[in-house]
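Okay, so here's the structure we're looking at.
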Amino acid sequence: MAKNIIIVGSGNAAMSAGIAALEAGAEVLMLEKADEALAGGNTKYTAGAMRFAYNSSEELIPLLTNPADERIARTDFGSYTQEKFSQDLLGFNEGMPLSAEQQYLISNSYDAVKWLAGHGVTYEPIYSRQSFEKDGKLVFWGGLTLAAQNEGVGLYDMEAAAFEKLGGKIRFNAGVTGLVTSDSGVSGVMIGDETVSADAVILACGGFEASDALRQAEFGADWAHAKVRGTPHNTGEGLDMAFGLGAQRYGKFDGCHATPMDLHMKNFGNLDMPPKQRKNYRKICYFLGVMLNAHGRRFVDEGINFRNYTYAQFGRAVLEQPEHFAWQIFDSKVFDLLYEEYRFEDASFVEADTLDGLVAKLYGVDQPQALKTLKDYNDAVDGTVAFDPTILDGKATKGLPLNKTNWAQKFDTPPYRAFPVTGGITFTYGGVRVDNTGCVLDAGDTPISGLYACGEMVGGVFFGGYPGGSGLTSGTVFGRQAGIGAASG
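Here this note's numbering is used: the first residue of the sequence shown is 82, the next is one more, and so on.
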């Protein structure tokens with residue numbers, strides 16, 4: 082007899098769980114708190130990039146929307162091995178070894194993405210953001226090569242089509258308010274006064290990033306000022322329901338995925354915009370310039386690594402600066418390398434033909450100190466090393482209290498531009514612990530029968546930071562795990 086499964090949430094992790102459960106012969110009802118327009122959790126707000134291990138470009142071809150794209154022949158995708166993925170995650174682990182969850186993510190990453198491709202989810206090389214042209218070749222960097230066709234909205238649409246094709250059903254405006262239990266474990270959910278029974282429940286309803294109170298409680302008072310990059314609906318109810326049944330609190334609860342954002346962005350993203358403009362509020366080209374805080378000083382090494390490995394921490398660093406903002410400074414040598422969100426007509430920036438003139442336009446900043454910082458930076462740039470954005474080029478400053486270790490170029494080619502940014506939050510790292518079937522564990526590591534979790538609900542995947550593109554992959558890997566586990570448990 083087919084298992085009857087309820088999935089709470091409708092984002093990438095939920096859809097992956099639903100597709101896997103349906104494949105395994107279950108009947109699946111997905112319950113979504115939002116209306117249809119805002120369904121999909123954080124998925125629609127993403128750029129759709131997915132980080133996974135691969136050994137050669139040949140492994141990417143079966144995933145592509147258009148494998149006949151003429152650019153493929155002159156593209157160097159390189160490789161991104163499981164060993165390299167492991168090293169990247171270890172770099173954010175604050176000295177801790179890889180968790181069991183991280184090891185599972187790494188070892189299952191390619192198979193999960195390929196599995197989605199088998200259900201009609203196709204991908205495109207991220208030429209505009211992850212490659213630079215060098216000697217006639219399009220060279221990818223940072224281990225992140227593919228994004229879902231039409232980015233996050235496309236990923237949701239393709240997954241939803243696959244889910245419905247397999248017979249899955251979705252109810253919108255159906256916020257789950259409680260879990261129902263029986264002697265055998267979790268046996269359904271409450272939607273207000275309505276009881277919906279099931280053989281198993283999969284919680285895939287996100288973290289707590291959209292809750293002002295929980296952000297401040299877990300991260301500190303600065304986080305009252307964070308812009309929420311994604312859905313307004315991830316306010317922690319799923320975690321509360323699980324903890325109410327004794328689920329183990331697991332992972333780094335004061336950690337989150339953040340990113341520098343336009344200071345004047347509106348809260349909860351911008352789904353009303355066309356897909357290519359949807360990410361226009363994100364500002365992650367700081368590695369091509371410098372960032373100054375309200376005191377007129379630099380506060381991070383903007384070139385310490387490729388931006389895939391720094392934006393999650395630097396978004397937090399910006400938010401925790403005085404007055405919770407910073408300015409990103411560039412000169413015209415890099416304008417053609419800035420991502421498209423810096424060029425949209427509603428992007429916030431100031432411009433001048435001299436550094437003195439630019440600094441005079443930096444509102445909210447100690448302007449004399451800002452000008453001194455920029456001039457000291459210019460004097461410290463090593464002019465003997467060539468600039469190369471495709472590698473960690475070692476073009477650094479020397480003798481500053483905080484040096485820039487790569488891609489340091491003088492501000493000497495007007496006009497100059499400055500973009501005001503703040504910190505935006507995407508998702509939180511703390512959650513529940515699951516076993517190797519996706520079943521939620523209690524404080525004694527005993528499975529809570531009938532209760533499964535995936536996506537942002539799962540703790541132990543990220544700690545001190547986040548290599549870009551890992552979040553969606555994690556959602557698919559653990560969503561697939563939970564779907565199979567719930568259908569066969």
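No residue lacks a Cβ here, since even glycine has one placed at the ideal position from N, Cα and C.
This structure is a prediction, so every number in the text was calculated from the model and none was measured.
Buried versus exposed call for residue i [16 or more other C-beta atoms within 10 Å across all chains shown]
| i | result |
| --- | --- |
| VAL309 | buried |
| LYS333 | buried |
| LYS357 | Confidence in LYS357 is poor, its pLDDT being 47 and thus under 50, which makes the residue's placement unreliable; the coordinate value appears in the next sentence. The residue is exposed, with fewer than 16 neighbouring Cβ atoms inside 10 Å. |
| PHE492 | buried |
| TYR191 | buried |
| ALA83 | exposed |
| ASP169 | buried |
| HIS345 | exposed |
| GLU432 | exposed |
| ASP280 | buried |
| ASP150 | exposed |
| SER555 | buried |
| ASP382 | buried |
| GLY370 | buried |
| ILE142 | exposed |
| ALA118 | exposed |
| VAL462 | buried |
| SER551 | buried |
| PRO341 | buried |
| THR527 | exposed |
| ARG152 | exposed |
| THR465 | exposed |
| ALA291 | buried |
| GLY505 | buried |
| GLU299 | buried |
Residue i versus the options, residue with shortest Cα-Cα distance
| i | options | result |
| --- | --- | --- |
| GLY560 | THR146, LEU186 and LEU418 | LEU186 |
| THR503 | CYS535, VAL513 and PHE406 | PHE406 |
| ILE365 | PHE430, GLU422 and SER263 | GLU422 |
| GLY287 | SER569, ALA120, GLN562 and THR509 | THR509 |
| ASP343 | PRO501, SER138, GLY549 and GLY121 | PRO501 |
| GLY469 | VAL194, ASP216, GLU151 and SER91 | At residue 469 the sequence reads Asp, which differs from the Gly that was named. When only C-alpha atoms are compared, the closest one is ASP216. |
| GLY536 | ALA279, GLY201, ALA467 and CYS520 | CYS520 |
| GLY325 | ASN517, GLU117, VAL513 and ALA98 | VAL513 |
| GLU404 | GLY176, GLY445 and GLY370 | GLY445 |
| GLU140 | ALA255, ARG152 and TYR161 | TYR161 |
| LEU295 | ASN189, SER413, GLU401 and ASP321 | ASP321 |
| GLY249 | LYS442, GLN409, GLY99 and LEU473 | GLY99 |
| LEU436 | ALA428, HIS200 and ASN459 | ASN459 |
| ASN254 | LYS114, GLY122 and ASP457 | LYS114 |
| CYS337 | VAL542, GLY106, GLY122 and SER97 | VAL542 |
| GLY176 | PHE544, ALA328, ASN123 and GLY475 | PHE544 |
| GLU275 | VAL261, TYR135 and ALA241 | VAL261 |
CB of residue i within 7 Å of CB of residue j, strictly
| i | j | result |
| --- | --- | --- |
| THR454 | ILE385 | no |
| THR494 | PHE213 | no |
| ILE88 | ALA94 | no |
| LEU103 | VAL257 | no |
| ILE207 | ALA229 | no |
| TYR331 | GLY546 | no |
| ILE565 | ALA130 | no |
| GLY377 | ALA451 | yes |
| VAL202 | MET239 | yes |
| TYR126 | GLY235 | no |
| GLY223 | ASN389 | yes |
| GLY301 | ALA339 | no |
| LEU171 | GLY549 | no |
| ALA107 | ILE86 | yes |
| LEU197 | ALA534 | no |
| PHE289 | GLY311 | no |
| ALA499 | ILE410 | yes |
Opposing strand residues paired with residue i [DSSP bridges]
| i | result |
| --- | --- |
| TYR272 | Correcting the residue type first, residue 272 is Ile in the shown sequence and not Tyr. BP columns for ILE272 point to GLU275. |
| ARG363 | MET342 |
| GLY504 | PRO341 |
| TYR185 | DSSP lists no partner for TYR185. |
| VAL521 | VAL515 |
| MET263 | According to the sequence as given, residue 263 is Ser; it is not Met. Note: SER263 sits in a beta bridge opposite GLY266. |
| TYR533 | ILE283 and CYS520 |
| MET82 | According to DSSP, MET82 bridges with nothing at all. |
| MET322 | According to DSSP, MET322 bridges with nothing at all. |
| PRO178 | DSSP lists no partner for PRO178. |
| MET372 | GLN409 |
| PRO528 | LEU522 |
heavy atom of the ligand COA below 6 Å from residue i C-beta
| i | result |
| --- | --- |
| ALA524 | Only the bare structure without any ligand can be found here, which leaves the ligand COA out of the picture. |
C-beta neighbour in chain B for residue i, strict 7 Å
| i | result |
| --- | --- |
| ILE187 | Absent from the structure is chain B; it holds one protein chain and no more. |
If you scan the region 388-469 from start to end, which runs of the alpha helix (DSSP H) of 4 or more residues do you find wholly inside it?
-> 392-400, 436-440 and 448-461
Runs of alpha helix (DSSP H) wholly within the region 87-175 (minimum 4 residues, chain order) | Taking 4 residues as the shortest admissible run, the region 87-175 contains the following complete alpha helix (DSSP H) segments, listed from N- to C-terminal end: 93-104 and 163-171.
Can you check the region 290-319 for any beta strand (DSSP E) of at least 3 residues that lies completely inside it and give the ranges in chain order?
-> none
Kindly provide the ranges of any beta strand (DSSP E) runs that are 3 or more residues long and lie completely inside the region 198-226, ordered along the chain.
-> 204-206, 212-215 and 218-221
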